[in-house]
Amino acid sequence: MQRHHAGPGAEPRPRPVEPAGGLGAVVQLNGKPTGELDELAAVELAFAAFARADPTFVRYAEGALDRSANLMRRAGITTATDLLFGDGTKEQEEVARALYGTAAALDPAFPRVYLGYSATALIANYGAAGAVAHLQAEARRDTGKIHVGPVKIIFDGSVQGYTAVLSSGYVAPPPPGENPIWNVQPDSIVALAQPFWNAGFRLAVHVNGDSATEELIRAVGKLQAAHRWADHRTTFEHNPAARPGQYDAIRALGGTVNLFAGHIWYYGPQHERYTLGARAADISAADWALSRGIPFSLHSDAPVTPAAPLFSAWNAVNRIMPTTPSDSVLGPQHRITVGQALRAMTMGSAYLLGAEGDIGSLRQGKLGDFVVLGQDPFTVDPTRLCAVPILATVIGGVVWTPPAQKPTTPLCPSVSTGSD
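Heads up, the sequence shown is in the numbering used here, so the first residue is 2 and it goes up one at a time.
Below, the structure written as structure tokens:
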């Protein structure tokens, strides 16, 4: 982990701390640790702290998968993506893949899962040529429930963590200041992605700052110039701070966008006050994708925020943020309709995964995945969209219903309509 400038054309804003040995532990200038761990280097520390083959951990992981399956089904989720799979050793990857396979085999209503293998881990563990061969072998192990998905790259950090790379910096970062981080250096992302691109594996790239979005646009252009691929569907994951011209470029490149709409409710006031200022009004602008014909989806980034598709749709439809004394709307011009939000959560998500022929809608020949709702989402007050009850989740024709003694209403805050 290293600190770098805030992006093309921007002045560096160094944070008065330095990484400890490049391992992700941030320490004060006097050498004393602050207790803060940042980005992928911190994740590596966590992975190094345990062995996934340890029997105790395996038993814990088995239970965690069961609990996760129930959480997803209770929220009406039939398909999920694990978008940083295998980010550890070869042994850890194999144990995790086996756990998924066992869980899906034992539970007929286990949700479908697309595994987004970590590009950096694949290259580190298998080398460039070996990584592609390994991923192709993994794809041959696909079942009806567990699939190899897009290859995942984490480019910069997060806006709310002050580690995303913004071209104009942060409005009012708290002490000790902002710390923009390139998890992958801009000048190395093409080399990292090229083997997978050439082999036909789609990319899902975590970008939060507009500088990261700009660098990814450049990278996709270079990948296309080196190896033309008309249907690559490279996904700009999160993409909260992207500018209108960048959406134009994403459209021209044939890219897609997966928006973390929960930023509005969970971080909206903080974005206005501390991170983006006036630019916060344009965060997660689904209408910019719609108006340009960019395929897009909405997500919760669980476990960063709870997995709740109707709540994600509610955010995009209403763009309400919690404030005092009343709720207010962040960027009302970017609100979309209920129909547009639900399509993004269904057909949009399927398209981003390259799975629109199997899931995303109900049609003869598809897999029969759907959710049974207790109310018509098109007739309820849009501010109560997230309160529509989940009565049942159907996966491949297998019906799962939540235990009667537990509430079935997904996450939904009690809000007032506020004012525009």
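Each residue gets a CB set at the ideal place from its N, CA and C atoms; glycine is no exception.
Proximity to Cys413 across Ser350, Leu386, Ile154 and Glu273 peaks at Leu386, based on C-alpha coordinates. Around the beta carbon of Asp157, 16 or more other beta carbons sit within 10 angstroms, so the residue counts as buried. DSSP places Thr236 in the strand class (E or B) of the three-state scheme. The Cβ atoms of Gly255 and Arg234 sit closer than 8 Å to each other. Across the set Gly87, Ser159 and Val149, the C-alpha of Gly87 shows the shortest separation from the C-alpha of Ile124. Here Tyr127 carries a helix assignment [DSSP, helix/strand/coil]. Around Ala282, the same chain offers Leu331 and Gly332 as residues with beta carbons nearer than 7 Å, after the five sequence neighbours per side are excluded. The region 167 to 175 and the region 189 to 200 do not touch, with fewer than 3 CB-CB distances between them shorter than 8 Å. A direct Cα-Cα distance of roughly 12 Å separates Arg75 from Phe111.
Distances from the CA of Ile155 to each of Leu217, Leu136 and Gly263 were compared; the closest alpha carbon is that of Leu217. One Cα belongs to Ser298, the other to Arg60, and the distance between them is close to 34 Å.
Annotation: the continuous alpha helix (DSSP H) that includes Arg344 extends over Val339 to Arg344. Cβ-Cβ distances below 7 Å link Ala351 to Glu357, Ile360 and Gly361 in the same chain, with the five nearest sequence neighbours on each side left out; the list follows chain order. Three or more Cβ pairs closer than 8 Å define a contact, and the region 171 to 178 falls short of that threshold against the region 124 to 140.
Spatial neighbours of Leu72 in its own chain (CB-CB distance under 7 Å, excluding positions within 5 residues in sequence) are listed in chain order as Ala308. The bridge partners DSSP lists for Phe86 are Tyr118. Under DSSP, Asp157 forms a beta bridge with Trp183. A contact is defined here as three or more CB-CB pairs under 8 Å, and the region 388 to 403 meets this definition with respect to the region 368 to 378. With three or more CB-CB distances shorter than 8 Å, the region 183 to 194 counts as touching the region 206 to 222.
Between Leu66 and Leu100, the beta carbon gap of about 6 Å places them in contact (Cβ cut-off 8 Å). Looking at Pro270, Thr82, Thr90 and Val96, the one whose alpha-carbon comes closest to that of Ile147 is Thr82. For Glu40 and Ser159, the gap between their C-alpha atoms comes out near 9 Å. Judged by their CB atoms, Ala242 and Ala287 are not nearer to each other than the 8 Å cut-off. In the structure shown, Trp266 adopts helical secondary structure according to DSSP, grouped into three states.
In this structure Leu363 is exposed. Its beta-carbon is surrounded by fewer than 16 other beta-carbon atoms within 10 angstroms. For Ile190, the enclosing alpha helix (DSSP H) starts and ends at Ile190 to Asn199. Annotation: Thr144 is outside any alpha helix (DSSP H) and is labelled neither H nor E by DSSP. Counting only residues of its own chain and dropping the five nearest sequence neighbours on each side, Thr80 has a CB closer than 8 Å to the CB of Pro112, Arg113, Val114, Tyr115, Ser350, Ala351, Leu354, Ala356, Ile360 and Asp370. Across the set Leu277, Ala314, Pro378 and Gln334, the C-alpha of Leu277 shows the shortest separation from the C-alpha of Gln161. Beta-bridge partners of Thr394 (DSSP): Val372 and Trp401. If you look at Phe312, you'll find it isn't in any beta strand (DSSP E); it sits in the alpha helix (DSSP H) that goes Pro310 to Asn319. An exposed status is given to Pro404, since fewer than 16 other beta-carbon atoms sit within 10 Å of its beta-carbon.
Here Phe379 is exposed, its C-beta having fewer than 16 other C-beta atoms within 10 Å.
In the assembly as shown, Thr257 is a buried residue. Its beta-carbon has 16 or more other beta-carbons within 10 Å. Here the alpha carbon of Gly246 sits roughly 41 Å from the alpha carbon of Gln93. When DSSP states are grouped into helix, strand and coil, Arg364 belongs to the coil group.
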